[in-house]
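For reference, the structure is listed below as structure tokens.
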Amino acid sequence: MCCGNERISADDARAYAMAQRRMSDALGAGELSWPQKRKCAAIAEGIYELLQELPPWRAHRRATG
Numbered sequence: 790m791c792c793g794n795e796r797i798s799a800d801d802a803r804a805y806a807m808a809q810r811r812m813s814d815a816l817g818a819g820e821l822s823w824p825q826k827r828k829c830a831a832i833a834e835g836i837y838e839l840l841q842e843l844p845p846w847r848a849h850r851r852a853t854g
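Set out below in structure tokens:
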């Protein structure tokens, strides 16, 4: 996976995506936090889309839903 001019491993990309997702979940409620929550969640979704994998939070919903 490429990140700018450097390459990173898929494991590092997954770890970063999970960190972004956790940050999105940890942000409190309120008008000021919503744009940041959406941005963090979009980054996480984009990484898994680029890896062509189902994000763990979606895999859980599919298994239980």
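Mind the numbering: the sequence shown is residues 790 to 854 in the numbering used here, read in order.
Even for Gly, the Cβ is constructed at its ideal location relative to N, Cα and C.
With contacts defined by Cβ atoms closer than 7 Å, residue 813 and residue 830 form a contacting pair. For residue 834, no pairing in a beta bridge is given by DSSP. Taking residue 833 as the centre and dropping the five residues before and after it, the same chain places the C-beta of 806, 809, 810 closer than 6 Å to its C-beta, in chain order. With respect to the 7 Å criterion, residue 825 and residue 816 are classified as neighbours on the basis of their beta carbons. Under the DSSP assignment, residue 813 falls in the alpha helix (DSSP H) whose first and last residues are 799-815. Taking the C-beta atoms as reference points, residue 836 is found nearer than 7 Å to residue 802.
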